[in-house]
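Just below is one structure, and these are the notes that go with it.
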DNA sequence: CGAAAGTGGATAACGACTATCGACTTCAGC
DNA sequence: GCTGAAGTCGATAGTCGTTATCCACTTTCG
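Chains as they are written, first to last, in the working numbering: chain A, 1 to 219; chain B, 1001 to 1219.
In structure tokens:
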């Protein structure tokens, strides 16, 4: 079970493999997982056949690509658990996680969407959940979070902020911070007035452009 | 410019028109705007051709169907503005609006998604915005809402709770109430601890089922 | 009763994507 | 430098789901 033994790829083949991976990373990040293998091939300056030869199944490509990125998230969770102040840790985790998602549409879809295939990635997600739950429980015990907040609420929070990401990514990539803040305030035990909301709300014309940009597809 | 004059439809034609409208209402509500005219035809026990004859363009059908429903929303907004307590009015509006959306996927998509075509519906949406903005401004003046909250935040709130709707509709249709509550608490001037969160958070097994149900499509 | 209006649903036209194949190019080792 | 194994390219065939048309047939209404 060598980690990455297989056969030693020929030099040009290896170069193409990298090109494909790089192109895929770029396209997934900016356009989401829906990009076709054709798109990726063209973007990598490589024939479609080459892509199919190397990654017969798109899920294999996704797995290969995102394994690393997803582990970043796992590290983040573990590191946040170290934090002496559990509330602080929770905030750090959510901010970090959403920051990654803001920078990579594909990652967001992988994390919050359906797992289908992509075994490795799905597995990591399952390992993150208990860690973050522990973080939440601790923050609750420390009296920083409402007593009736539960782990499921953290998933919901990511869904909600994820929606902001989808709608506003083009117009105001940083808008999600504002609503993460609102949400955290809503979940905290004593919601103080102090710290102002980060980043301004969308103005009327920005709202229009979001609405008509078809951020949410339809038919 | 008679409102609905045209030609007086033949009796059977009129009956079919109604059937189509009814079937469309049902399917849009439970499956969203993406249902095909074929689906609608079959569900209405009518030939596909009949549907196309009556509504050459799907947008026309949507317009015809949702004009009324969207006006309900406009009424709701106006009525909420009457409320002496602006905060109360705001809550009523958001709850009412989201309740409608929870019951009708199509309506939700129409309100929060792209307007493309569907002139009438889009117009009403534009009339609602200033009303709700006024409501917000008043609630802010009354000191119930944080001073830095803006009208755009209400749109964002609907996007966020709308995401909860999309994810959890099958598993727990009422879950959105919990997160509207959290959000409102986050936006309110003094977030008191009192009133407990309505409806429980999703448990681990429910989360799994949401994740794997592919609530959010991908490829 | 007959003309006008309306109907059904097989099927053509489409568009987007997935996947294959085989003539051709490149590499690595002798 | 030659050779054959490894690798490449991209036109194109196959699928799938949807939109839209057409016309022989049925229904309505005066």
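C-beta atoms are modelled at their ideal positions from N, C-alpha and C, and glycine is treated no differently. These figures come from a predicted structure and were not determined experimentally.
Between residue 46 of chain A and residue 19 of chain A the beta-carbon gap is near 6 angstroms, inside 8 angstroms, which marks them as a contact.
Within its own chain, the residues whose Cβ lies closer than 7 angstroms to the Cβ of residue 48 of chain A, once the five positions on either side in sequence are excluded, are 37, 38, 41, listed in chain order. Only those residues of the region 129-157 of chain A whose C-beta falls short of 8 angstroms from the nearest C-beta of chain B are listed: 129, 146, 148, 149, 150, 151, 152, 153, 155, 156.
Our two residues, residue 104 of chain A and residue 174 of chain A, have alpha carbons roughly 13 angstroms apart in a direct line.
In this structure residue 1142 of chain B is exposed. Its beta-carbon is surrounded by fewer than 16 other beta-carbon atoms within 10 angstroms. Looking at the backbone, the Cα of residue 60 of chain A and that of residue 8 of chain A are separated by about 19 angstroms.
Think of a sphere of 7 angstroms around the beta carbon of residue 167 of chain A: the chain B residues whose beta carbon falls inside it are 1159, in chain order.
When C-alpha distances from residue 200 of chain A are compared across B:1156, B:1169, B:1185, the shortest belongs to B:1156. Residue 188 of chain A is bridged by DSSP to A:145.
Among the residues of the region 182-202 of chain A, those with a Cβ less than 9 angstroms away from any Cβ of chain B are 182, 183, 184, 185, 186, 187, 188, 189, 190, 191, 192, 193, 196, 197, 200, 201, 202, in the order of the chain. The three-state reading of DSSP puts residue 207 of chain A in helix, counting H, G and I together. In the structure shown, residue 1113 of chain B falls within a coil segment according to DSSP collapsed to helix, strand and coil. By the 16-neighbour rule on beta-carbons within 10 angstroms, residue 88 of chain A is exposed. Between residue 1109 of chain B and residue 1180 of chain B, the CB-CB gap reaches or exceeds 9 angstroms.
The beta carbons of residue 1124 of chain B and residue 1070 of chain B sit closer together than 9 angstroms. Residue burial annotation: residue 1063 of chain B is buried, with at least 16 other C-beta atoms found within 10 angstroms of its C-beta. For residue 178 of chain A, the closest Cβ of chain B is nearer than 9 angstroms.
The beta carbons of residue 1097 of chain B and residue 1135 of chain B sit no closer together than 9 angstroms. By the CB criterion at 9 angstroms, residue 163 of chain A and residue 1162 of chain B fall inside the cutoff. For residue 123 of chain A, not one C-beta of chain B is nearer than 9 angstroms to its own C-beta. Here the alpha carbons of residue 29 of chain A and residue 13 of chain A stand approximately 24 angstroms from one another.
Here DSSP, grouped into helix, strand and coil, assigns residue 1166 of chain B to helix. Here DSSP, grouped into helix, strand and coil, assigns residue 1051 of chain B to helix. Cβ-Cβ separation between residue 183 of chain A and residue 1186 of chain B: approximately 6 angstroms, consistent with a contact (criterion under 8 angstroms). If you check each beta-carbon in the region 19-50 of chain A against every beta-carbon of chain B, the ones closer than 7 angstroms belong to 33, 34. Your pair residue 202 of chain A and residue 171 of chain A checks out as a contact, with CB atoms roughly 7 angstroms apart and the cut at 8 angstroms.
Think of a sphere of 7 angstroms around the beta carbon of residue 1163 of chain B: the chain A residues whose beta carbon falls inside it are 159, 160, 162, 163, in chain order. Just so you know, the alpha carbons of residue 1210 of chain B and residue 112 of chain A end up roughly 10 angstroms apart. Pairing residue 192 of chain A with residue 91 of chain A, the inter-Cα distance amounts to about 16 angstroms. Under a 10 Å Cβ-count criterion, residue 1031 of chain B is classified as exposed, with fewer than 16 other Cβ atoms of the shown protein chains found around its own Cβ. Taking 9 angstroms as the cut-off, the Cβ atoms of residue 1140 of chain B and residue 1146 of chain B count as close.
Pairing residue 1077 of chain B with residue 1144 of chain B gives a Cβ-Cβ distance that is not under 9 angstroms.
Around residue 1207 of chain B, the beta-carbon contacts reaching into chain A at under 7 angstroms are 152, 155.
Taking the Cα positions, residue 1100 of chain B is about 34 angstroms away from residue 126 of chain A. DSSP, read as helix, strand or coil, puts residue 1174 of chain B in coil. Listed in chain order, the non-local C-beta contacts of residue 159 of chain A below 7 angstroms within the same chain comprise 112, local neighbours out to five positions each way being set aside.
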